[in-house]
């Protein structure tokens, strides 16, 4: 295998912080992701080349009171991928590690009120494909989510906590 794409996850709007949905989110999005990513990176390390792609989320950038485990789990995915990228870069290997951070895509995962900039699955898939073809390290899907990503990173906590 030359490329492995990890696109799995669950997410729940969990305003009451019930343990069962939180645990399932952690089990799938953190433990499941890490198990597959670990096998994939070992495969690519043994080959000296390859491309590992992980589908994270724009939600990785900040915590959320309605889905805290989901946002935290996607932050884990993004940080884990960054750590793997750092490792293979230091080793000087021809291994690309790509973090895809989609915004809202019209799938069963898009839940909650106030959804905006919802992309069609076809548009999201095409942009993901283009990112993989270019062997980019990171991409927001769709491209306009770069603006939201930037705003989320620079927004002071006292403002973020009120929206």
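Numbering (the working numbering), first residue to last: 125 to 287.
All C-beta atoms, glycine included, are put in the ideal place defined by N, C-alpha and C.
* Near residue 131, what residues of its chain come up, given a Cβ to Cβ distance below 7 Å and the 5 sequence neighbours on each side ignored? -> 179
* To do: Sort 188, 214, 226, 191 by Cα distance to residue 202 and report the nearest one.
  => 226
* **Cα-Cα separation, residue 184 to residue 177** => 16 Å
* To do: Just confirm the distance between the C-beta atoms of residue 253 and residue 194, as a whole number of angstroms; I'd bet it's less than 8 Å.
  => That belief does not hold up - the Cβ atoms of residue 253 and residue 194 are roughly 25 Å apart, past 8 Å.
* Asked: Taking buried to mean at least 16 other C-beta atoms within 10 Å of its own C-beta, is residue 239 buried or exposed?
  -> exposed
* Asked: In its own chain, which residues sit with a C-beta less than 8 Å from the C-beta of residue 205, not counting the 5 before and 5 after it?
  -> 161, 176, 178, 180, 221, 222, 223
* Spatially closest choice to residue 217 from 157, 285, 167, by CA coordinates -> 167
* To do: Reducing DSSP to helix, strand and coil, say where residue 217 ends up.
  => coil
* Asked: The alpha helix (DSSP H) with residue 273 in it runs from where to where?
  -> 269-278
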